[in-house]
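K.L.:
Residue numbers (this note's numbering): 27 to 175.
1) Keeping to the same chain, check which residues put their C-beta closer than 6 Å to that of residue 156; ignore five residues upstream and five downstream.
2) Report the three-state DSSP secondary structure of residue 141 (helix, strand or coil).
3) Buried or exposed for residue 85, please, with buried defined as at least 16 other CB atoms from any protein chain shown within 10 angstroms of its CB.
4) Where does residue 79 sit, in a helix, a strand or coil, going by DSSP?
5) Buried or exposed: where does residue 145 fall if 16 or more other Cβ atoms within 10 Å of its Cβ makes it buried?
6) Relative to the C-alpha of residue 139, which residue among 123, 126 and 160 is closest?
7) Use the C-beta contact count for residue 90: other C-beta atoms within 10 angstroms, 16 or more gives buried, fewer gives exposed.
8) Cα separation between residue 133 and residue 158?
Here it is as structure tokens:
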């Protein structure tokens, strides 16, 4: 192999100052290879950001669907319920037997709403009041409320 000093330079190998000034950039390699990589990284970051925003919007929509409507209250449900309902008293006792989870939930809901009709409707789950009470207690009460737990 020859040393660099021994190599013959041709006219093509010589770089003149006027050639450098007319060049589009100082390093054409950087423009040719690194620009698309940087652009690709920006596109990937943009796609990831949009994906995260779409996931957040989806979860927010799911939460809004699952939460009870603020306009829906027990009083509204009680007004919509027919005045004459025939209820088997033994069925009522079985549903809200002492120590059952349903009874505890209905008692807590009655204390919070301060409506005595709520207890009966919750135990029998008339118009979905039992489910509404569970959801209402899950989303409205802090972990420990004095006098309720």
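By construction, the Cβ of each residue, glycine as well, lies at the ideal position given by its N, Cα and C atoms.
These figures come from a predicted structure and were not determined experimentally.
P.N.:
In short:
1) Here residue 156 corresponds to residue number 130 of the chain shown, with the count starting at 1. Hits under 6 Å: 148.
2) As a position in the chain shown, residue 141 is number 115, starting the count at 1. In the structure shown, residue 141 sits in coil (DSSP, three-state: anything other than H, G, I, E or B).
3) Against the chain shown, residue 85 aligns to sequence position 59. Counting Cβ neighbours within 10 Å, residue 85 comes out exposed, since fewer than 16 surround it.
4) As a position in the chain shown, residue 79 is number 53, starting the count at 1. Three-state result, residue 79: helix.
5) Position 119 of the chain shown, counted from the first residue, corresponds to residue 145. Counting Cβ neighbours within 10 Å, residue 145 comes out buried, since at least 16 surround it.
6) Translated into the one-based positions of the chain shown, residue 139 becomes position 113. Among 123, 126 and 160, the Cα nearest to that of residue 139 belongs to 160.
7) Counted from its first residue, the chain shown places residue 90 at position 64. Exposed, by the Cβ-count rule.
8) As a first step, residue 133 is located in the chain shown; it is residue number 107 there, counting from the start. As a first step, residue 158 is located in the chain shown; it is residue number 132 there, counting from the start. Residue 133 and residue 158: Cα-Cα distance of roughly 13 Å.
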